[in-house]
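Working notes, structure below.
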Ligand code: GLN
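In structure tokens form, the structure reads like this:
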């Protein structure tokens, strides 16, 4: 099959309720870079009550206020088994902040109220009185330096089944105690990093595309992409105060 007839479908979870600090930008970057790598791209927006699509190659979800998390909770549980099956099967996923928390077992909000997660990631989250806010830089074995912005009350703790995405160099990350940021399991990446994340960290976007393409077509031949604007954005972000 020629590269131009190959296609990837991106499922965007809850764009209406879970999309803060421009997290939608992650979907745009995946779309554009996958096109540059020679794939046709289809984006499916999934909101509460929609029919869960059959063919999905990449899953992306963003952050949200506690109220947004409450709104989507029931629906997330109805599609939890489908998401779990995709996850088990090696489908790449990127979930940020609010959805990162709800891919774990639970998020206990400030007032003690529990929002149950779908337990795909072996993590749990409890809100603390001090919000963790500001620019953040971490080091990851797979992606090198990752640069973003965080703003969350929830503090996340990883259990045996999850590995951190990286180690915090500047900022807070998962919590104010262990210097870890994000969580990975199979081909899923969970992270607190907004920005949005992918425009400044194209290596993560290409990794997600590579997993999806390899799973679907057996191989991935990357094209050379001019990353000068991403490099400039990284350079500026690095200089900004916390
Ligand atoms: N409401 C959650 C918290 O404050 C998630 C916030 C977010 O997605 N930015 O921890």
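Residue numbers (this note's numbering): 179 to 420. C-beta: ideal position from N, C-alpha, C; glycine also.
- The Cβ atoms of residue 255 and residue 327 lie no closer than 7 Å to each other.
- Inside the stretch 219–297, DSSP marks whole beta strand (DSSP E) runs of 3 or more residues at positions 236–239, 271–274, 284–286, 292–294, from first to last along the chain.
- With a threshold of 16 other beta carbon atoms within 10 Å, residue 267 falls short and is exposed.
- Between the ligand GLN and residue 373, a heavy atom-to-CB distance of less than 6 Å is absent.
- DSSP places residue 313 in the uninterrupted beta strand (DSSP E) bounded by 301–318.
- For residue 327, no alpha helix (DSSP H) encloses it; the enclosing beta strand (DSSP E) starts and ends at 322–336.
- Taking 7 Å as the cut-off, the beta carbon of residue 303 is found no closer than this to the beta carbon of residue 234.
- Assignment of residue 344 by DSSP, reduced to helix, strand and coil, places it in the strand class.
- In this structure, residue 378 sits away from residue 350, with a CB-CB distance that is not shorter than 7 Å.
- Bounds of any alpha helix (DSSP H) do not take in residue 368; it lies within the beta strand (DSSP E) bounded by 366–369.
- Between residue 332 and residue 321, the alpha-carbon positions lie close to 25 Å from each other.
- Judged by DSSP in its simplified three-state form, residue 198 adopts coil rather than helix or strand.
- The beta-carbon distance between residue 192 and residue 239, rounded to whole angstroms, is 6 Å. This is short enough to meet the 8 Å contact definition.
- The C-beta of residue 407 has fewer than 16 other C-beta atoms within 10 Å across all chains shown, which makes the residue exposed.
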